[in-house]
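**Q** Have a look at the structure that comes next, please.
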């Protein structure tokens, strides 16, 4: 059983390179969907992507979706992503506008759905208080959109969750937040989001640093091992969650996208995959051994004999 399918950004020029490395997902970068490329570009992306990958994902352009101009750009991007074969459209929810934010976001999703009702829309958590998209708000939006028949799963950009849920954007204190983001903290987040992700879980990750300047917080992506949140407790949580999912009655497909810096993304992605898979294999073998011992005692009665000798 595949524990998770993994991938990263790829333009048309790097699709075969990513396939050679063994990644199973490719994501169309925001810049590709923001530019006016020829129709052949998107069609060629679909043909090659469907040949080498199990899923094509699209990342919407970095335009504020709550502005008229930004919304128009996203609608065009969805059209292009559809031609390119994308099954999931990942996007940022944009700035807060005040009362009625949830209703505004729901209306935006309805407009998305008019362009492609088969696309799965996947909104990301915010990085600061100016943006819409706390975990509570994501849960509300997912519930409301599903009541309208819109296909939606949350996009779990893990460093964004780290920044917002632990208020790093207010304090600028990465070290204090890192102490709180232990393995159990991450497991709680994953299990909470699992409940609203139905049959597919969409996870994204990169490490970041940041600075609070006045009232604004600015984040910057970093190579693996040089930013926050710390990877070790997260890797433990991911491997536990993946293995638990594989043993569950209703197994979910898990998608993992590394969104790190372009110049190191393949190297970092392989390191992440290797680390999480090694931990997952150890946990799987431990669970298998426990199950085998349980069956052995159940069929031989050895457990009862050992109890009677004590």
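Residue numbers (my numbering): 103 to 412. Every residue gets a Cβ at the ideal spot worked out from N, C-alpha and C, and that includes glycine.
For the segment 182-189 against the segment 157-173, do three or more pairs of beta-carbon atoms, one drawn from each stretch, fall closer than 8 Å, so that the two count as touching?
**A** yes
**Q** Looking at the unbroken alpha helix (DSSP H) that takes in residue 137, where does it start and where does it end?
**A** Premise fails: residue 137 is in no alpha helix (DSSP H) and is neither H nor E.
**Q** Considering only the alpha carbon of each residue, which of 219, 196 and 242 lies closest to residue 172?
**A** 196
**Q** Reducing DSSP to helix, strand and coil, say where residue 225 ends up.
**A** strand
**Q** Can you give me the start and stop residues for the alpha helix (DSSP H) that residue 122 sits inside?
**A** Here the alpha helix (DSSP H) through residue 122 covers 117-122.
**Q** Can you list the beta strand (DSSP E) stretches of 3 or more residues lying completely in the segment 247-292, in chain order?
**A** 257-259
**Q** DSSP three-state call for residue 409: helix, strand or coil?
**A** Confidence in residue 409 is poor, its pLDDT being 44 and thus under 50, which makes the residue's placement unreliable; the coordinate value appears in the next sentence. Looking at residue 409 - three-state DSSP - the assignment turns out to be helix.
**Q** Does the distance from the CB of residue 192 to the CB of residue 224 come in under 7 Å?
**A** yes
**Q** Buried or exposed, going by whether 16 or more other CB atoms sit within 10 Å of the CB of residue 240?
**A** buried
**Q** Going straight from the alpha carbon of residue 165 to that of residue 384, what length do you get?
**A** 43 Å
**Q** Of the choices 245, 236 and 256, whose alpha-carbon is the least far from that of residue 265?
**A** The shortest Cα separation from residue 265 among 245, 236 and 256 belongs to 236.
**Q** What are the uninterrupted segments assigned as beta strand (DSSP E) that are 3 or more residues long and contained completely in the segment 129-206, given in chain order?
**A** Correct list: 157-161 and 190-194.
**Q** Got a sec? Which residues, its chain only, sit under 8 Å from residue 333 by beta carbon, not counting five neighbours each side?
**A** 309, 326, 327, 374 and 377
**Q** List the endpoints of the continuous alpha helix (DSSP H) containing residue 342.
**A** 333-349
**Q** Inspect the beta-carbon positions of residue 156 and residue 220 and report whether they are closer than 7 Å.
**A** no
**Q** Mind checking which residues open and close the beta strand (DSSP E) that includes residue 322?
**A** 318-324
**Q** Please go through the same chain and pick out, in chain order, the residues whose beta-carbon is closer than 6 Å to the beta-carbon of residue 407, but skip the five residues on each side of it.
**A** Low per-residue confidence applies at residue 407: pLDDT is 44, beneath 50, and the placement is therefore not dependable enough to give any value.
**Q** Pull up the DSSP beta-bridge partners for residue 358, would you.
**A** 108 and 305
**Q** Is the segment 243-255 in contact with the segment 209-218, if contact means three or more CB pairs nearer than 8 Å?
**A** yes
**Q** Apart from the five residues just before and just after residue 226, which ones in its own chain have a Cβ nearer than 6 Å to its Cβ?
**A** Here residue 226 has 194, 257 and 259 as same chain residues with Cβ atoms under 6 Å from its own Cβ, once five neighbours each way along the sequence are excluded.
**Q** Is it the case that the segment 198-205 contacts the segment 117-133, given that we only count it when at least three CB pairs across the two stretches are under 8 Å?
**A** With a cut-off of 8 Å, the segment 198-205 and the segment 117-133 do not count as touching, because too few Cβ pairs lie within range.
**Q** Compute the Euclidean distance between the alpha carbons of residue 251 and residue 316, then round it to the nearest angstrom.
**A** 42 Å
**Q** So residue 116 packs on residue 359, CB below 8 Å; how close in whole Å?
**A** That pair is no contact at about 15 Å.
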